[in-house]
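In the UniProt record's numbering, the protein residues as written are 1 to 354. Note that beta-carbon positions come from the ideal geometry of N, C-alpha and C, so glycine has one too.
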């Protein structure tokens, strides 16, 4: 890698609280600023607002170019980097720098594996997967967020494992910590996430029907948008919360949970897992993202849904709730803090960039 105190972070979505990847870009930006680097964020907005970008983006009014949008943005980003970044270290999330010899690619997941998980029936790479594969091939080093992602890049893209390092995502314990609550006379299941097929909406609907038939259960659904929320409108035992800010999601969501329910079909990491644990709440979910690794490590408060679809889900949840009480919320939080705090993440980056 270049020995440079100037860094360009190429992440098209930039910095926000909209999702795990965007939040991790923020922590990366903060890390390099703290270390005294000159840090530039190169996102789609910045590319689009350059003089040539304003002209180039007019191409996307044409159907052929819009269909191949990511590919043509990657070409424009490559030209921009060649012209402006000769003495800068380049770090990206992959696809935008497919044609550029990036110093580091940070992979939040294998796109091809995600598409297979979401129902793709053939092994042909899509345009996005081809760009991701090429970006990984051209990168000097790669950071992945979980062992499963590393294995996916090796198995599907044939990337040399010697240039891949696993550094897990982190959480800000300023927002995610145990909040005490009065014990209600009912058990509460909390779901955090978008209401779509890949996130397990079908399973969530089935759970809501089970909860509706009980007097001592409640379901809270927290989503970052209102899409599909109307499905649950008629239910008395289900509460819907939409567009809750990160500084309120613990108080209104996680802290209410006796169990966090996580039926997602595919995750590269799964921020919900470590957020729940940092809030001291147990989580039960499918074998996706970092959750199965934590279950294997016997991490307190982590549980996997059984493959047997005939099992009574509420019985399973209740058994996990009882088992999770072996640990206090503070003990679960402390274990999560040791492994996934911002401080732990920065120590991992120190070792990587040493």
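DSSP state of residue i mapped onto helix, strand, coil
i: residue 141; result: strand
i: residue 222; result: strand
i: residue 264; result: coil
i: residue 20; result: helix
i: residue 94; result: coil
i: residue 107; result: strand
i: residue 149; result: helix
i: residue 195; result: coil
i: residue 162; result: helix
Between the CA atoms of residue j and residue i - distance to the nearest angstrom
i: residue 8; j: residue 39; result: 6 Å
i: residue 11; j: residue 352; result: 20 Å
i: residue 196; j: residue 4; result: 43 Å
i: residue 262; j: residue 304; result: 9 Å
i: residue 59; j: residue 79; result: 16 Å
i: residue 122; j: residue 116; result: 8 Å
i: residue 181; j: residue 260; result: 16 Å
i: residue 354; j: residue 32; result: 13 Å
i: residue 326; j: residue 243; result: 33 Å
i: residue 312; j: residue 186; result: 18 Å
i: residue 230; j: residue 148; result: 35 Å
Member of the options whose CA lies at the smallest distance from the CA of residue i
i: residue 306; options: 319, 345, 63 and 272; result: 319
i: residue 250; options: 202, 177, 219 and 259; result: 177
i: residue 314; options: 341, 214, 350 and 224; result: 214
i: residue 216; options: 238, 87, 223 and 206; result: 238
i: residue 183; options: 96, 206, 258 and 54; result: 258
i: residue 256; options: 24, 210, 191 and 66; result: 191
i: residue 153; options: 229, 204 and 94; result: 94
For residue i, the first and last residue of its enclosing alpha helix (DSSP H)
i: residue 53; result: 51–56
i: residue 337; result: 329–340
i: residue 115; result: 111–117
i: residue 296; result: 291–296
i: residue 205; result: 201–212
i: residue 274; result: 271–278
i: residue 376; result: Absent from the model: residue 376. The displayed extent of the chain is 1 to 354, so no value can be given.
Limits of the unbroken beta strand (DSSP E) element including residue i
i: residue 38; result: 38–42
i: residue 239; result: 238–242
i: residue 284; result: 283–285
i: residue 10; result: 6–10
Worksheet item: Counting Cβ pairs, one atom from each stretch, are 3 or more of them under 8 Å apart for the stretch 275–287 and the stretch 328–347?
Response: yes
Practice prompt. Pair every Cβ in the stretch 126–135 with every Cβ in the stretch 32–47, then say whether three or more of these pairs are closer than 8 Å.
Written response: no
Discussion item. Does the structure place the stretch 282–289 close enough to the stretch 252–270 that three or more beta carbon pairs sit under 8 Å?
Written reply: yes
Item to complete: Specify whether the stretch 106–113 and the stretch 154–164 touch according to this definition: at least 3 beta carbon pairs, one from each stretch, less than 8 Å apart.
Response: yes
Worksheet item: Pairing CB atoms from the stretch 343–352 with CB atoms from the stretch 164–171, are three or more of them under 8 Å?
Response: yes
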